[in-house]
Amino acid sequence: MAEPLLSVRDLHTRYAVGKQVLRAVDGVSFEVGRGETVGLVGESGCGKSTLGKTVLRLVPSAEGAIVLDGADITRLGDSAMAEHRRRMQMIFQDPFGSLNPRQTIRTVLDTALKVHRQGNRAERERRMAEIVERVGLPADALDRYPHEFSGGQRQRIGIARALVLRPALIVCDEPVSALDVSIQAQILNLLVDLKRDLGLSYLFISHDLSVVRYFADRVLVMYLGRIVESASHATLWRDPRHPYTKALFAAVPSTDPTHKRGAPPIKGELTTDLSSGCRFYSRCPAATDRCRSEEPLLRSVGEGHHAACHFA
Amino acid sequence: MSLLAVENLSVAFPGHVAVREVSFAIEPGETLALVGESGCGKSVTAFSVMRLLPSNARVVSGRILLDGADLMAASPAEMREVRGKKVSLIQQEPMTSLNPVLSIGAQIGEVIRRHEKVSRRAARARCIELLDLVSIPDAHRRIDDYPHNLSGGMRQRVMIAMAVACGPKLLIADEPTTALDVTTQAQVLDLLDDLRRRLSMAVLLITHDLGVVAQWADRINVMYAGRIVEQAAIRPFFARPMHPYSRGLLGARVDVDADEHYSASRLSEIPGSVGSAAGEAGCPFAPRCPMVETACRAVPPTLLAFEAERHVACPVTLEAARDG
Amino acid sequence: MSVQAEKLAEKLADVGNRAAIPRKGRRLRAFMRNPTFVAGVIILSFFVLLALFADVLFPGDPLDMVGPPVLWPGENPEFPLGTDSLGRDVLAGLVHGARASLLVGLSAAAIGLAIGMVVGAAAGFFGGWVDTLLMRIVELFQTTPTFLLVVVIVAIGEPTMQTIALAIGIASWPTVARLVRAQFRSLREADFVMAARSLGYSSLRIIAQEILPNALPPVIVAASVMIANAILTEAGLSFLNMRDPNLVSWGGMIGAGRDLLRTAWFLTALPGVAIAAAVLSLNLVGDGLNEILNPRSEP
Numbered sequence: 018m019a020e021p022l023l024s025v026r027d028l029h030t031r032y033a034v035g036k037q038v039l040r041a042v043d044g045v046s047f048e049v050g051r052g053e054t055v056g057l058v059g060e061s062g063c064g065k066s067t068l069g070k071t072v073l074r075l076v077p078s079a080e081g082a083i084v085l086d087g088a089d090i091t092r093l094g095d096s097a098m099a100e101h102r103r104r105m106q107m108i109f110q111d112p113f114g115s116l117n118p119r120q121t122i123r124t125v126l127d128t129a130l131k132v133h134r135q136g137n138r139a140e141r142e143r144r145m146a147e148i149v150e151r152v153g154l155p156a157d158a159l160d161r162y163p164h165e166f167s168g169g170q171r172q173r174i175g176i177a178r179a180l181v182l183r184p185a186l187i188v189c190d191e192p193v194s195a196l197d198v199s200i201q202a203q204i205l206n207l208l209v210d211l212k213r214d215l216g217l218s219y220l221f222i223s224h225d226l227s228v229v230r231y232f233a234d235r236v237l238v239m240y241l242g243r244i245v246e247s248a249s250h251a252t253l254w255r256d257p258r259h260p261y262t263k264a265l266f267a268a269v270p271s272t273d274p275t276h277k278r279g280a281p282p283i284k285g286e287l288t289t290d291l292s293s294g295c296r297f298y299s300r301c302p303a304a305t306d307r308c309r310s311e312e313p314l315l316r317s318v319g320e321g322h323h324a325a326c327h328f329a
Numbered sequence: 071m072s073l074l075a076v077e078n079l080s081v082a083f084p085g086h087v088a089v090r091e092v093s094f095a096i097e098p099g100e101t102l103a104l105v106g107e108s109g110c111g112k113s114v115t116a117f118s119v120m121r122l123l124p125s126n127a128r129v130v131s132g133r134i135l136l137d138g139a140d141l142m143a144a145s146p147a148e149m150r151e152v153r154g155k156k157v158s159l160i161q162q163e164p165m166t167s168l169n170p171v172l173s174i175g176a177q178i179g180e181v182i183r184r185h186e187k188v189s190r191r192a193a194r195a196r197c198i199e200l201l202d203l204v205s206i207p208d209a210h211r212r213i214d215d216y217p218h219n220l221s222g223g224m225r226q227r228v229m230i231a232m233a234v235a236c237g238p239k240l241l242i243a244d245e246p247t248t249a250l251d252v253t254t255q256a257q258v259l260d261l262l263d264d265l266r267r268r269l270s271m272a273v274l275l276i277t278h279d280l281g282v283v284a285q286w287a288d289r290i291n292v293m294y295a296g297r298i299v300e301q302a303a304i305r306p307f308f309a310r311p312m313h314p315y316s317r318g319l320l321g322a323r324v325d326v327d328a329d330e331h332y333s334a335s336r337l338s339e340i341p342g343s344v345g346s347a348a349g350e351a352g353c354p355f356a357p358r359c360p361m362v363e364t365a366c367r368a369v370p371p372t373l374l375a376f377e378a379e380r381h382v383a384c385p386v387t388l389e390a391a392r393d394g
Numbered sequence: 006m007s008v009q010a011e012k013l014a015e016k017l018a019d020v021g022n023r024a025a026i027p028r029k030g031r032r033l034r035a036f037m038r039n040p041t042f043v044a045g046v047i048i049l050s051f052f053v054l055l056a057l058f059a060d061v062l063f064p065g066d067p068l069d070m071v072g073p074p075v076l077w078p079g080e081n082p083e084f085p086l087g088t089d090s091l092g093r094d095v096l097a098g099l100v101h102g103a104r105a106s107l108l109v110g111l112s113a114a115a116i117g118l119a120i121g122m123v124v125g126a127a128a129g130f131f132g133g134w135v136d137t138l139l140m141r142i143v144e145l146f147q148t149t150p151t152f153l154l155v156v157v158i159v160a161i162g163e164p165t166m167q168t169i170a171l172a173i174g175i176a177s178w179p180t181v182a183r184l185v186r187a188q189f190r191s192l193r194e195a196d197f198v199m200a201a202r203s204l205g206y207s208s209l210r211i212i213a214q215e216i217l218p219n220a221l222p223p224v225i226v227a228a229s230v231m232i233a234n235a236i237l238t239e240a241g242l243s244f245l246n247m248r249d250p251n252l253v254s255w256g257g258m259i260g261a262g263r264d265l266l267r268t269a270w271f272l273t274a275l276p277g278v279a280i281a282a283a284v285l286s287l288n289l290v291g292d293g294l295n296e297i298l299n300p301r302s303e304p
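Okay, structure coming up:
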């Protein structure tokens, strides 16, 4: 296989919370291939959003390496980083908070182009008009302010901002979870079209399994700062191995009322209690003594399929 | 007699009408889901039942009958008796719905003592029972905890304990699990369903998630732009959604069981946004509707009976359905 | 239940208002119907006009003796508001005094804002040791009583207009610094700032273009109150004879009229009314701006 677009090796991100250290990302490795969509799924507080921001160097990493297109960007200074920033962009969850309320759409897009010295005024105008049309906004959108748009349209503006520099990798942080269902489909379809037309790669972060199932080529399941299972989308849905993955699937309500499911077979909620054994021990229905004392490592359980469970 | 009957309710805010001519009924012991997207008027409808509308809202028309008594005519003192005792409410945000400086025992106790003359000690005993009832482990220890000691799911359980403390006949749950993780959501909704049976109360479940509706409701009312566009029992609805908006919603939703992938199929979209429902005269869904006809833009739709217990506010669909 | 009810009302009000998001122009027009704000603007504009056209209205030095001493208002039509103990025209003094008082207020506020915004922005944006260091300095200033600090600074230098403005500015910046710091701390975590960082913008550009415009509204409101406070402080200094001897100010007029308080009280009352009106108008404008600039408030 060719060199991946993004390669993350043993990444750690730590926050100081009072006197304690919170290990939000605790030794994560993965790759995103060219043109691939990698889904990152997990519940709130599992560290998936922090992982996305660490990869983009918006949050400092404590250990590990981030390699973009063959270049190690983990420790680059601001000026050296600037060139790489153009190659990777982010789409945010909140279509209200992610746009500066005091800037017109033109200012938002033009500033990005100017900072990265992309073309003269006429070329920039052309690129802005092009991207605005590409994401499905009306042509007169450029001179309007964010509050004049609906939530779905604002998300399109956020997508335009991420794409205007023609990046290769987009980190999508819950891009549709703040939107109404009827708008979610519009945005997901747009992201699919853009990927196809522009050859983008996505790291798609979401808590919503059904969206990830539809949207991702490969899926990483994250629990308490670690990846507990990774597989291609087809494999994962057919044959989930980690008890947490199984519980997640069981918990998603189906729109088929004849298909009743009980509550998922796990207890309690995400804790931050990190003991020496398996992180999922306290909630796992299949936990044994071995799980309490010995932490399972991510190991191969099939072709391109990894799980961090002694019994997977 | 229905437990709750909402008749021809219209609620207006300055500059726009949030709820238009809404009528529905809830039978004792059932779970009725009120479904729609943000701004469709589902919450405003529910809060009208509690008479807890903000001061700039105005009830233009309608009656709300609880056990046959019109709540719109009740005095503020009578309403305070109704709230918490006959009808209670749980909300989306368990983080902010609890008072951070009072222990959970004190907050549940306050509700009990507000409605019933009991001693502090008896109220405390009831609190422990209630916490047991909502499956909070170690209830006798947890009663003195403060909200910040609890996880989101536990807080929502406490909110449920407060809501059912005085044995209400109707529980209004406004997006009760939207702020929770999916594994916790299933636990909390199962708990609500269990309590509904054990305490023989009815639940008005307000949600945007059709999966939640399919799994935990008996009947569904779909709202769009302030109107109810479809009323049905759960199985017939999901087997055959009739209103074009209901069909659009189900089609746009990615179902976890459906073997759909972007590489093979596109999601079906509802074009435009709710904002395009401008025209006052005709059907609010007309600008986004794939089956729109000229008449739709002129005549406001009313709910028409299709089968027993099934009403659809779309003459075009009904005609097509009757023709076969 | 009551807390719940309030939250609910808030949430529903949001729903209710979503239909009509006011545009800027309409907002301003709506607020022009706010009577106290309009009153503030009118009074303030009146003083500003007086200050601007003082030389046209009353040419010559208002410190010159132009008539007999202690004429009561109305006694002589040439001096409608009378004269003071040295035969100086009170009306001319008030008009020229508006210029001095507003100038001191404006320049003191400008100095305070400039220092406070730079310090607050740096502390709030960078955080860490920069924040710790700057905030210790702010605390040092805040533990000293403001007026005392001003008196000491003016006493060290010459009591000129510039020194007085500088002294008041130096004494008032810590409040601004705290305000700006709080704004920056919350805004730097905003998603649109994250987006700007992911686009590779420099810190300076992020501060100036992304954060500052959103942090300004409360600062503008604070500025109007700072001008008012500076006018009051200047008046207090003048009363203590720490004033620029070559300029008329309202505080100075009060100080000069002090000796005749029993016999010619109008000499202190008239400039006192002027100060009160100016300070009041600035506060009214500040309150009005607070509502106009707050995107959550509705007309």
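The listed protein sequences derive, respectively, from chains A, B and C.
The opening position of the first sequence corresponds to residue 18 in this note's numbering, with each subsequent residue numbered one higher.
The opening position of the second sequence corresponds to residue 71 in this note's numbering, with each subsequent residue numbered one higher.
The opening position of the third sequence corresponds to residue 6 in this note's numbering, with each subsequent residue numbered one higher.
A virtual CB, placed ideally from N, CA and C, is assigned to each residue, including glycine.
- Here the alpha carbons of Arg225/B and Arg297/B stand approximately 33 angstroms from one another.
- Secondary structure at Glu363/B: coil, using DSSP grouped into helix, strand and coil.
- Take Gly125/C, set aside five residues on each side of it, and the residues of its chain with a beta-carbon closer than 6 angstroms to its own are Ala182, Val185 and Arg186, in chain order.
- In terms of beta-carbon proximity, Phe131/C stays away from the interface with chain A, with every pair separated by 8 angstroms or more.
- DSSP, read as helix, strand or coil, puts Glu215/C in helix.
- For Ala383/B, same chain residues with a beta-carbon under 8 angstroms away, outside a window of 5 residues either side, are Arg297, Ile298, Val299, Glu300, His313, Cys353, Pro371, Thr372, Leu373 and Leu374 in chain order.
- For the stretch 187-204 of chain A, the beta-carbon criterion of a distance under 8 angstroms to any beta-carbon of chain B is satisfied by Asp197, Val198, Ser199, Ile200, Gln201, Ala202 and Gln203.
- Take Leu269/B, set aside five residues on each side of it, and the residues of its chain with a beta-carbon closer than 7 angstroms to its own are Val234 and Gly237, in chain order.
- Taking the Cβ atoms as the reference, Leu116/A lies roughly 15 angstroms from Met145/A, outside the contact range of under 8 angstroms.
- For Val181/C, the enclosing alpha helix (DSSP H) covers residues Met166 to Leu192.
- Inside the stretch 119-173 of chain A, DSSP marks no whole beta strand (DSSP E) run of 3 or more residues.
- Shown here for Ala329/A: same chain residues with a beta carbon closer than 7 angstroms to its own, the five before and five after excluded, namely Arg258, His259 and Val318 in chain order.
- Non-local C-beta neighbours of Gln201/A in its own chain, meaning closer than 6 angstroms and more than five positions away in sequence, comprise Val193, ordered along the chain.
- Residue range Pro40 to Leu57 is occupied by the alpha helix (DSSP H) that includes Thr41/C.
- For Arg316/A, the closest alpha carbon among the candidates Lys277/A, Ala325/A and Ser310/A is that of Ala325/A.
- Within the stretch 152-186 of chain A, Ser167, Gly168, Gly169 and Gln170 place their CB atoms closer than 9 angstroms to a CB of chain B, listed in sequence order.
- Distance from the CA of Val143/C to the CA of Ser106/C, rounded to the nearest whole angstrom, comes to 27 angstroms.
- For Ala268/A, the neighbours in chain B by C-beta distance under 9 angstroms run, in chain order, Asp251, Val252, Thr253, Thr254, Gln255, Ala256 and Gln257.
- Identification of chain A residues near Met122/C by a Cβ-Cβ cut-off of 7 angstroms yields none; the smallest Cβ-Cβ distance measures about 17 angstroms.
- For Thr30/A, the uninterrupted beta strand (DSSP E) segment begins and ends at Leu23 to Val34.
- Using beta-carbon distances, Arg230/A counts as an interface residue toward chain B, with a partner under 8 angstroms.
- For Ala269/C, the CB contacts under 6 angstroms within the same chain, skipping 5 residues up- and downstream, are Val75 in chain order.
- Judged by DSSP in its simplified three-state form, Leu168/B adopts coil rather than helix or strand.
- For Phe307/B, the CB contacts under 6 angstroms within the same chain, skipping 5 residues up- and downstream, are Ile290 in chain order.
- In this structure Phe109/A is buried. Its beta-carbon is surrounded by 16 or more other beta-carbon atoms within 10 angstroms.
- Asp111/A belongs to the set of residues whose beta carbon lies under 8 angstroms from a beta carbon in chain C.
- Residues of the stretch 299-322 of chain A whose Cβ lies closer than 9 angstroms to any Cβ of chain C: none.
- Nearest C-alpha to Glu80/A among Asp225/A, Gly50/A and Asp27/A: Asp27/A.
- Residues of the stretch 48-63 of chain A with a Cβ closer than 7 angstroms to any Cβ of chain B, in chain order: Glu60 and Ser61.
- Ranking Arg40/A, Thr272/A and Ala185/A by CA distance to the CA of Glu100/A puts Ala185/A first.
- With a cutoff of 8 angstroms on beta-carbon distance, Val238/A and Thr275/A are scored as not near each other.
- Distances from the CA of Ile232/C to each of Thr165/C, Leu86/C, Pro179/C and Val284/C were compared; the closest alpha carbon is that of Val284/C.
- For Cys189/A, the three-state secondary structure derived from DSSP is strand.
- For the pair of segments examined, the stretch 195-215 of chain C was found not to touch the stretch 229-249 of chain C: the number of CB pairs separated by less than 8 angstroms stays below three.
- Note that the C-beta distance between Gly44/A and Phe221/A is not below 8 angstroms.
- Under the rule that a run must span 3 or more residues, the beta strand (DSSP E) segments found entirely inside the stretch 31-66 of chain A read 37-49 and 54-58.
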